[in-house]
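**Q** Submitted below is the structure of interest, expressed as structure tokens.
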Amino acid sequence: MRKTIFASLLLLSMAAACRPNEESAHDAGWAYNAVVYEMNVRQYTEEGTFDAAREHLPRLRELGVDIVWLMPIHEIGVKGRKGTLGSYYAIKDYKSVNHEFGTLEDFDEFVAEAHRCGLKLIIDCVANHTSPDCAWVTEKPADWYMRDSLGNTLVEYDWTDIAKLNYDNPDVRDAVRDAMRFWLDRGIDGFRCDMAFIVPQDFWAETIPALRSEYDRPLYFLAEGEKPWLHEVGFDASYTWECHHLLNAIAQGKAGAAELKALMEKYAEEFPGEAFRLMFTSNHDENSWSGSEYERMGKAAQLMAVLTFTLPQSQPLIYTAQETGYDHRIQFFEKDPVPCWCECDASRFYRDLCALKHGHSALQSGEKGGRYECVEASWVDEDIFAFTRSNEDETLMIIANFSNDYKKIGMEDASDWTDAMSPVGHCCMTLAPWGWKILVKN
1 MRKTIFASLL LLSMAAACRP NEESAHDAGW AYNAVVYEMN VRQYTEEGTF
51 DAAREHLPRL RELGVDIVWL MPIHEIGVKG RKGTLGSYYA IKDYKSVNHE
101 FGTLEDFDEF VAEAHRCGLK LIIDCVANHT SPDCAWVTEK PADWYMRDSL
151 GNTLVEYDWT DIAKLNYDNP DVRDAVRDAM RFWLDRGIDG FRCDMAFIVP
201 QDFWAETIPA LRSEYDRPLY FLAEGEKPWL HEVGFDASYT WECHHLLNAI
251 AQGKAGAAEL KALMEKYAEE FPGEAFRLMF TSNHDENSWS GSEYERMGKA
301 AQLMAVLTFT LPQSQPLIYT AQETGYDHRI QFFEKDPVPC WCECDASRFY
351 RDLCALKHGH SALQSGEKGG RYECVEASWV DEDIFAFTRS NEDETLMIIA
401 NFSNDYKKIG MEDASDWTDA MSPVGHCCMT LAPWGWKILV KN
């Protein structure tokens with residue numbers, strides 16, 4: 001028995017010695033109140049380069065952004081290419097940069113400037129597939145890819161410009177991990193992992209702890225996917241596609257407060273308390289294929305953005321040019337640059353939301369965020385969604401009007417609350433159609 005215990009302790013100590021560091025963004029603490037910003041380098045400036053985009057990093061920091069996520073920066077395949085310039089997600093070489101954007105040295109300068117500005121930088125990791133003209137297709141054994149009976153590489157969905165990798169081959173796993181190390185060695189702070197939920201679970205369970213153990217800084221991993229197991233294997237954050245689609249439906253009058261309450265209950269049951277849940281009103285997929293937030297959400301667009309900053313466990317995302325109020329479907333396969341980065345009402349709106357997120361501990365993501373409770377009161381009807389976020393230091397109340405009508409909010413204790421901008425000062429408030437209030441208890 002003593003030998004068994006001794007052997008177990010020895011194995012544990014050896015394992016610890018092999019894992020000198022497994023810090024995550026959770027452990028470091030900097031991600032709990034972080035705002036994520038998705039940058040589309042091709043469309044960000046007229047030049048569409050790292051150098052031109054780099055000039056915007058101080059502005060993003062001033063806006064209140066904490067983590068900048070670059071969409072795929074790699075060389076794009078030619079075979080099966082869609083449109084003139086192709087999809088960022090049809091990668092020909094994981095260790096290259098797209099010549100449109102500049103050189104590796106230009107990328108290094110971008111990373112350095114992001115860090116000088118106090119920003120964290122992550123890039124897309126597209127582990128599920130490569131382009132069909134990736135060198136691996138011809139230079140590696142056939143079983144590096146999923147193939148049909150004729151030996152042709154397989155596509156997924158309508159992605160005819162990709163070739164699906166075969167994760168039954170351990171060499172594929174090693175090669176993808178090696179590519180991730182290549183970029184971590186250049187100083188990035190982690191990855192947004194494309195279609196993470198269709199890459200084998202055990203790959204992530206092996207890879208995320210291994211990479212964390214090899215680097216002396218906390219790393220952040222964001223999964224495109226909405227499966228609870230993504231957090232079990234080490235991801236810090238996961239997508240909330242279901243919430244996003246519901247917010248669209250509410251804005252379009254197809255759902256309401258009851259459905260959002262039910263979804264928050266479902267999330268609380270299914271996902272661990274420490275999970276960061278990425279919430280958004282737009283991203284590259286939604287903007288290009290379904291339209292801007294103004295197309296999908298109309299007058300409710302700003303209210304829905306408020307919810308992405310305040311709902312439980314939320315980690316908010318801002319997509320390219322949302323902070324300018326840009327109402328445009330940015331083309332995916334062609335050059336379509338953002339025309340203007342002027343200060344406007346939208347930029348002030350997002351700056352205020354970022355300051356709100358940073359300034360209130362109850363709005364932190366994950367388990368550090370304040371307890372979420374729905375408000376039950378006489379003034380809460382089927383169109384009103386009201387909830388509190390509370391911790392030992394503060395209580396916030398968020399009230400949202402999910403209707404085209406003005407709503408009177410008759411709070412008997414209104415004098416006990418302060419508006420985010422000015423004192424309430426009376427027992428009745430009126431919310432405009434699709435309006436909101438964010439209150440802090442005195």
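Okay, so the sequence shown: first residue is 1 according to the numbering used here, each after it adds one.
Glycine residues also receive a C-beta, built at the ideal position from the N, C-alpha and C atoms.
If you're wondering where the values come from, they're calculated on a predicted model, not measured in any experiment.
If you draw a straight line from the C-alpha of ALA223 to the C-alpha of GLU412, how long is it?
**A** Spanning the two alpha carbons is a distance of roughly 43 Å.
**Q** Under a three-way DSSP split, which group does MET397 fall into?
**A** Strand, per DSSP.
**Q** Output needed for TYR203: all residues of its chain with C-beta closer than 7 Å, excluding positions within five of it in sequence on either side, in chain order.
**A** Sequence check: residue 203 is Phe here, not Tyr. Only TYR167, ARG173 meet the Cβ criterion.
**Q** Report the three-state DSSP secondary structure of LEU63 (helix, strand or coil).
**A** Residue state, collapsed to three classes: helix.
**Q** Where does the unbroken alpha helix (DSSP H) through LEU311 begin, and where does it stop?
**A** No alpha helix (DSSP H) holds LEU311; DSSP gives it neither H nor E.
**Q** Alpha carbon to alpha carbon, how far is GLY29 from TYR220?
**A** Roughly 11 Å between the two C-alpha positions.
**Q** So, for GLY273: in the same chain, excluding its five sequence neighbours on each side, which residues have a beta-carbon less than 8 Å away from its beta-carbon?
**A** Excluding positions up to five away in sequence, the list reads GLN313, GLY366, GLU367.
**Q** The alpha helix (DSSP H) with TYR294 in it runs from where to where?
**A** Segment 293-297, the alpha helix (DSSP H) holding TYR294.
**Q** Within 7 Å (strictly less), CB to CB, does GLY435 reach chain C?
**A** Absent here is chain C; the protein component of the structure consists of one chain.
**Q** Going by beta-carbon coordinates alone, are TRP434 and LYS299 separated by less than 7 Å?
**A** Yes, the pair counts as a contact, with Cβ atoms nearer than the cut-off.
**Q** Is the separation between the beta-carbon of ALA112 and that of ILE67 shorter than 7 Å?
**A** Taking 7 Å as the Cβ cut-off, ALA112 and ILE67 do not qualify as a contacting pair.
**Q** Considering only residues of the segment 354-406, which uninterrupted beta strand (DSSP E) runs meet the minimum length of 3 residues and lie entirely inside it, listed in chain order?
**A** Entirely contained in the segment 354-406, the beta strand (DSSP E) runs reaching 3 residues are, in chain order, 371-374, 384-390, 395-401.
**Q** Hey, would you say ALA362 sits closer than 7 Å to ASN404, going by beta carbons?
**A** No, Cβ-Cβ distance for ALA362 and ASN404 is not below 7 Å.
**Q** Is the beta carbon of ALA90 less than 7 Å from the beta carbon of VAL199?
**A** No, these two residues do not count as a Cβ contact at 7 Å.
**Q** Rounded to whole angstroms, what is the Cα-Cα separation between PRO209 and ILE73?
**A** So the two alpha carbons sit approximately 24 Å from each other.
**Q** If you reduce the DSSP assignment to three classes, tell me which class GLU109 lands in.
**A** Of the three classes helix, strand and coil, the one that applies to GLU109 here is helix, per DSSP.
**Q** In the DSSP assignment, the beta strand (DSSP E) including GLU38 goes from what residue to what residue?
**A** Where GLU38 is concerned, the enclosing beta strand (DSSP E) stretches over 36-39.
**Q** Quick check on GLN43: does DSSP put it in helix, strand or coil?
**A** Here GLN43 sits in helix by DSSP.
**Q** Could you have a look at GLU156 and say whether DSSP puts it in helix, strand or coil?
**A** GLU156: strand per DSSP, three-state reduction.
**Q** What are the start and end residues of the beta strand (DSSP E) that includes MET279?
**A** Looking at the DSSP string, the run of the beta strand (DSSP E) that includes MET279 is 276-279.
**Q** For the alpha helix (DSSP H) containing ALA251, list its first residue and its last residue.
**A** Segment 241-251, the alpha helix (DSSP H) holding ALA251.
**Q** By DSSP, does SER131 sit in helix, in strand, or in coil?
**A** Residue state, collapsed to three classes: coil.
**Q** Using a Cβ distance threshold of 8 Å, determine whether the segment 394-403 contacts the segment 291-298, with at least three qualifying pairs required.
**A** Short answer: they don't touch.
**Q** Just curious, the beta strand (DSSP E) that TRP436 is in, first and last residue?
**A** Looking at the DSSP string, the run of the beta strand (DSSP E) that includes TRP436 is 436-441.
**Q** For the pair the segment 81-101 and the segment 302-309, tell me if three or more CB-CB distances fall below 8 Å.
**A** As far as the Cβ criterion goes, the segment 81-101 does not touch the segment 302-309, which means the pair count is below three.
**Q** How is the alpha helix (DSSP H) around LYS266 delimited, first residue to last?
**A** Note, LYS266: alpha helix (DSSP H), 257-270.
**Q** Hey, out of ASP133, TRP241, LYS164, whose CA is closest to ASP143's CA?
**A** When each option's Cα is compared against that of ASP143, the closest is LYS164.
**Q** In the DSSP assignment, find the beta strand (DSSP E) that holds ILE208 and state where it starts and stops.
**A** No beta strand (DSSP E) holds ILE208; the alpha helix (DSSP H) holding it covers 201-214.
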